[in-house]
Amino acid sequence: MANMTVIYKTPKNKEAFEKHYYNVHIPLAKQLPGLRKYIVNKGNIISPSGNEETFWIGNLYFDNLEAIKKAFDTDIGRQCAEDRKILAPDNGDVQIYLYDTVSV
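Residue numbers (UniProt numbering): 1 to 104.
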């Protein structure tokens, strides 16, 4: 299994972010070829250090890293990538990680 984790900083307009994420971004992402599961962690996400900058985390699950790459090399994948720029216009407001997972 492989994951794509997208971490968003707190936006200027939380209500507009949530509305767009649920009404536009999730329906787009659910069309990604090979997507197995999609989980959202929302609200005020606090780190042990007390950092409250993180507002939203999206976790997308695929069979492997190659499946993630293939999904984003499609028209719908490119649409998702462009739509992400609406949610976080400044690249400094989002972190994206791709990684393999192993159950232990």
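Just so you know, even glycine gets a beta-carbon here, dropped at the ideal spot from N, CA and C.
For residue i: DSSP bridge partner residues
i	result
D2	The question names Asp, yet the displayed sequence has Ala at residue 2. Note: A2 sits in a beta bridge opposite F62, D100.
Cα-Cα separation, residue i to residue j
i	j	result
G43	D73	30 Å
G77	Y21	15 Å
T10	I39	18 Å
G92	K70	25 Å
L28	R84	11 Å
I86	E18	12 Å
P89	V104	37 Å
**Report entry** Contained beta strand (DSSP E) runs [length at least 3] in the UniProt domain "EthD" (13-84), N- to C-terminal order
**Finding:** DSSP assignment within the UniProt domain "EthD" (13-84) yields the following whole beta strand (DSSP E) runs of 3 residues or more, N-terminal first: 37-42, 54-62.
Query raised in the report: Taking one C-beta from the region 57-64 and one from the region 31-42 each time, how about it: are there three or more such pairs within less than 8 Å?
Result: By the Cβ criterion, the region 57-64 is in contact with the region 31-42, since at least three pairs of Cβ atoms, one from each stretch, lie closer than 8 Å.
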